[in-house]
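First to last, the protein sequences are chains S and B. Read in order, the letters of the first sequence correspond to residues 1 to 354 in this note's numbering. Read in order, the letters of the second sequence correspond to residues 1001 to 1400 in this note's numbering. Glycine included, each C-beta is placed from N, C-alpha and C at the ideal position.
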Amino acid sequence: MTLGSAVLMGGTFVLIASGVTVASGRDGWMTVLPGFAVGIPYGLMVLSVLLQYPNKNLLQISEILFGKWIGKIIGMIYILITGYYGGLLVAMLGNMYRTIMPLTPLWVFYLGELLLVLYLLGSGIEVFARFSEVVFPVIVIALALNIVLAIPQIEQGELLPILSEGITPLFFGVLKVMPFPMIYILFLAGISSFLPTSKQDLGQLKTGVWRAVFLVGILNMMVVLIQILVFGPRETIRLGNGILVLGKSIEISRTVSGIESLFMGVWLGAMVIKITACSFMVSWGIETVFNLKGLKWNLIVGAVFLGIAFGFTRGPYMLKEVSLVEGYLMFPLTSVWIPILWGVSRWKKGAGNQ
Amino acid sequence: MKRKRRKTVLVLILIACSLFLTGCWGTREVEELEPLIGLGFDLGQKPGTYLITEQFAKPTKGETSTSAEIHRTFSIEASSLREAYEKTSKIISHVPFMGSLKVIVIGEDVAKVGFLDVADFLQRYSEFRRSMYLVLAKGKAQSILNVKMRTGTIVAMYIKDNIETGKTISTYPTVRLGHYLTVLGRKSTAPIMPVIEMVKSGDEGIEYETDGKEEAQELRIQGAGVFRGDQLIDFLNDEETKGYMWLENQVLQRPMSTVGTRKGEPNFTGQVLNSKTRYKVSDKDGTIGLQYQIKASIEIDEVQGLKEQLSETEWVDLMKGAEKSFAKVIQKECELSIQKERRLGLDFLGIGRHIEERNSAYWKTVKDQWEQKIADFPVSVNVEVTIHHSGMSNSSATVN
C-alpha cells in the first residue's frame, strides 16, 4: 500500500491545485477525491486479470490475450509513454528547484536525482518499496505540516459560496484529476508479475488499492483546499508552484518563517519515487518486449531521461507537455487498454468454462 | 562478487552525492550581502519610468552597533525593478539581497496611475515573500523612506514594527502583499492600504524635540487609501478607517473615547478587550440587505466630569449609559465608513463578497452593476457594547 500510495502521490500536489481551480473555480477541491477514485475500478481490474494470470505483468498477459504483435505494440507504447513521462518528470523537478535555487546548475539536480533513481532501479523492487516506506510517511508529515501551519494565513470566506455555479464545473475538475491515478495503474500493470496471487493476498492488495487512492486523494484535496483558502481561487490558478508559495507564506515566529526550503528535500523524495516508478516501468517494458535487462539498459534508461530533461529547459513548455502526456497519452492508454484486457480475459475465462 | 560490486557502486554514489549535492552552489556569504529591507515606488521624471527607492541594512561585526543602525537608501530612476537592481549593484560593493524585504511603500503619484506593472516582480521573484507589508505614502515614498528618525531606526523597520504592534490599537488595516493580491482577484472588492505620513513637530498637536531641524523626524500610520484594482481613488480618514476595522472584524484591542458625545454628562475612555463582527444577508419582502452585528467588550479606563461619589446602583446605571455611549461611537465610525463606500461607489468593505457568499443567486443578478448598486444598497449596523469592568475603582475621586 505504501509503495502504491507513494507512486500515486509523486509530485501531484505541486500542480493539482491550479489545474482543478481553473476547471471548477473555488469548488475545485471537491473534484480531487472523485478524480482519484477513478483509479479504484482500474486497480481492481488489474488485480482481477492478475488472478487469472499469476506472476505475469499486463504486457505479458496482453501478448497472451491479444497475440504477440499486438502485445508487443502495446508494450512499445507503454515504454515510450512511461519513458517520455519519466524524462519530463526529471525536467519538472529541475524546473521546480531552479525557481528556488536559480544559481545552482540544472545538472546538479538531475545528477542527484538520477543517481538515486538508478541505484533504486538497480537494487530492485524490494529496495524501492522499502525506500518508499521510509520516505512516504515523511511526505505525508511534511504536507500535513504545510497545511496546518498555513492555517493562520487563511483569508476568510474564500471557499464560499459553495457550488454557486452548480455541479457541472465539477465534472471538468474531475477530468483534470483523472489522469493522475493512471500512472499508478500503469505501474500496477508492470509490477503485477511481482505480486502474490493467493486469495488472501489479493484481498489485501484490493484493500491496498482503496487505501492508497483515498489516502492520496484526501491529502491532495487538503492541499487544494488550503491553497484556495489562503490564496483565493484567482491566485490559486495563477500560482505555478502553489505548494512552494504556501511554504514561503508560513510564519511560525519572526525567526522561523519562509521555511519552504525545509520542505524542498521532502518534495525531492516524492519526485524521486515517481521518476523511479517510471524507470521501473520502462525497464519492465524493455524486458518484456525485447527481453533485455541489466545495468547497461538501466543506464540507457537514465541517459534517455536525462536527454529528455535537457530537451525541456523551457519551464512553461515543459509543464504544458507534462499535462499533455498525462491527459492525452497516459489517460487514453490506460482507460482503453486495461478495460479491454480485463473484458477479454473475462470473456476468455467464460468461454473456457463453457 | 556481485555484492562487492554493489557496495563499490554505493560508495561511489555517496561520494558523488557528498561532492556535488552539498547545497553550496551559488552560495553567498552573509558578509557579502546587503539586505534590502524597504522598497518605495514613485513616478519617475521620464515617461514610463519609476523612481525606485531601496533601503538597505548593512550587516556589521561587533557588539556596539546593530544592523538596524547602519543603513543606506538609494533612489534610482528605472523602468523596472530589475533595472534598478542593476543600477544599485553598480553603486554598492555588496550583493543586494532581496529575500529580506519587509516593507513596500507605494508613493501617492504612482498609486494614482497604477503600480501593478512594477510590482509584478515582487510576486514573481522567488526570493520575495507574500508576507511583505504594503503601505501607501501620503506624498512621495522616497520622502518617507528618507526620513531621519530621531531614534536612528531605519524607516522600513519602523514601519514593520509599527504594523506588527498595530493590533494593540486596531486603527488601520494590515495589508500584506499576498492579501492584496487575493483581494485583487475578488473583482467586486476594492483593495485598501494603510497610509503612512510624515509628522512634523507641531502638526495636529504633536510636538517633539527637533534639534532645530525643520523636516519631519517622525512618521505615523493613519487612515487608508482605497483602490480600484491598482489605482488609488481616494483616502479614508481616521474615523472612516476605524469604521472599516469594525465592519471587517479586525478590531482586536482598541482605545476608545466618548468625549464630546455626552454634553453635560460624564464621559468615558476605555479599551476594547475583544470584539466580534458578524453579518447576515436579510431578505425583507424581496429586498435584499446586509445587517452587521458588532459585539464589543470594553474596560473603562477614565471617567471624566463626575462631580460626586455614586452609590452602587447609580454606578451600575452610569455604566449602562457608558455602554450606550461607546456603542454610539462605534456606530458613527461604521456609518461614516459605509457613507464613504456609497459615495465612492467602491466596495472596499467587501459587501458584495458577503452577499455572494450568502446569496449567490441574488449576487449573480447584481454583480455587473454592483458599483452603481452600492449607493443605495441597504446596509444596517447594530452595535452591542458590554462594559466588562471599570478598572480598579467603582467611582471617581471627587472634591468634597
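- The straight-line gap separating the alpha-carbon atoms of ILE308(S) and ILE275(S) is approximately 13 Å.
- DSSP places ASP1161(B) in the helix class (H, G or I) of the three-state scheme.
- Distance between ILE338(S) and ASN1359(B), taken at the CA atoms: about 45 Å.
- Taking 7 Å as the Cβ-Cβ cut-off, the region 112-143 of chain S approaches chain B at GLY112, LEU115, TYR119, given in chain order.
- For ALA1057(B), the uninterrupted beta strand (DSSP E) segment begins and ends at 1050-1057.
- Against chain B, the CB of ILE273(S) has no partner CB under 7 Å away; the residue lies outside that interface.
- Rounded to whole angstroms, the separation of the alpha carbons of GLY75(S) and VAL289(S) is 6 Å.
- Beta-bridge analysis with DSSP links ASN1382(B) to GLN1293(B).
- Three or more beta-carbon pairs separated by less than 8 Å link the region 215-230 of chain S to the region 25-40 of chain S, which places the two stretches in contact.
- Between the region 1141-1160 of chain B and the region 1253-1268 of chain B, the count of Cβ pairs shorter than 8 Å is below three; the stretches do not touch.
- Where LYS296(S) is concerned, the enclosing alpha helix (DSSP H) starts and stops at 295-311.
- If you check each beta-carbon in the region 158-169 of chain S against every beta-carbon of chain B, the ones closer than 8 Å belong to GLU158, LEU160, PRO161, SER164.
- Looking at the backbone, the Cα of ILE1013(B) and that of ILE286(S) are separated by about 25 Å.
- Comparing alpha carbon positions, the residue from LEU3(S), GLY19(S), GLY43(S), THR12(S) closest to GLY203(S) is GLY43(S).
- Rounded to whole angstroms, the gap between the alpha carbons of VAL1199(B) and LEU1219(B) is 5 Å.
- For SER249(S), the nearest beta carbon of chain B is closer than 7 Å to its own beta carbon.
- Cβ-Cβ distances below 8 Å link GLU321(S) to LEU88, PHE312 in the same chain, with the five nearest sequence neighbours on each side left out; the list follows chain order.
- The beta carbon of ILE1013(B) falls within 7 Å of a beta carbon belonging to chain S, placing the residue at that interface.
- Counting other Cβ atoms within 10 Å of its Cβ, TRP69(S) stays below 16 and is therefore classed as exposed.
- Just so you know, the alpha carbons of PHE172(S) and PRO179(S) end up roughly 12 Å apart.
- Closest in alpha carbon position to ILE250(S), among LEU111(S), LYS349(S), LEU149(S), ILE228(S), is LEU149(S).
- Cβ atoms of GLY1107(B) and GLY1048(B) stay farther apart than 8 Å, at about 16 Å.
- Residues of the region 94-108 of chain S whose Cβ lies closer than 8 Å to any Cβ of chain B, in chain order: THR99, ILE100, MET101, PRO102, LEU103, THR104, PRO105, VAL108.
- Closest in C-alpha terms to LEU244(S), from the list PRO233(S), LEU268(S), VAL216(S), comes LEU268(S).
- Closest in C-alpha terms to ASP1283(B), from the list SER1380(B), PHE1128(B), ILE1330(B), comes SER1380(B).
- Between ILE1037(B) and ILE1154(B) the beta-carbon gap is near 6 Å, inside 8 Å, which marks them as a contact.
- Taking 3 residues as the shortest admissible run, the region 1164-1209 of chain B contains the following complete beta strand (DSSP E) segments, listed from N- to C-terminal end: 1192-1199.
- A residue is called buried when at least 16 other Cβ atoms come within 10 angstroms of its Cβ; MET1392(B) does not meet this threshold and is exposed.
- Looking at SER323(S), LEU333(S), ALA37(S), the one whose alpha-carbon comes closest to that of VAL174(S) is ALA37(S).
- Contact residues of the region 1177-1188 of chain B toward chain S are GLY1178, HIS1179, LEU1181, THR1182, VAL1183, LEU1184, GLY1185, ARG1186, LYS1187 (C-beta to C-beta distance below 9 Å).
- Fewer than three beta-carbon pairs drawn from the region 321-334 of chain S and the region 139-146 of chain S are found closer than 8 Å, and the two stretches are therefore not classed as touching.
- Looking at the DSSP output, SER1257(B) bridges to THR1269(B).
- Counting C-beta atoms within 10 angstroms of its own C-beta, GLU1299(B) has fewer than 16 neighbours from the protein chains shown and is therefore classed as exposed.
- Fewer than three beta-carbon pairs drawn from the region 1305-1316 of chain B and the region 1334-1349 of chain B are found closer than 8 Å, and the two stretches are therefore not classed as touching.
- Excluding five sequence positions before and after LEU143(S), the CB atoms of its chain that fall closer than 7 Å to its own CB belong to PHE13, LEU219, VAL223, given in chain order.
- A straight-line Cα-Cα distance of about 44 Å links LEU1346(B) and MET9(S).
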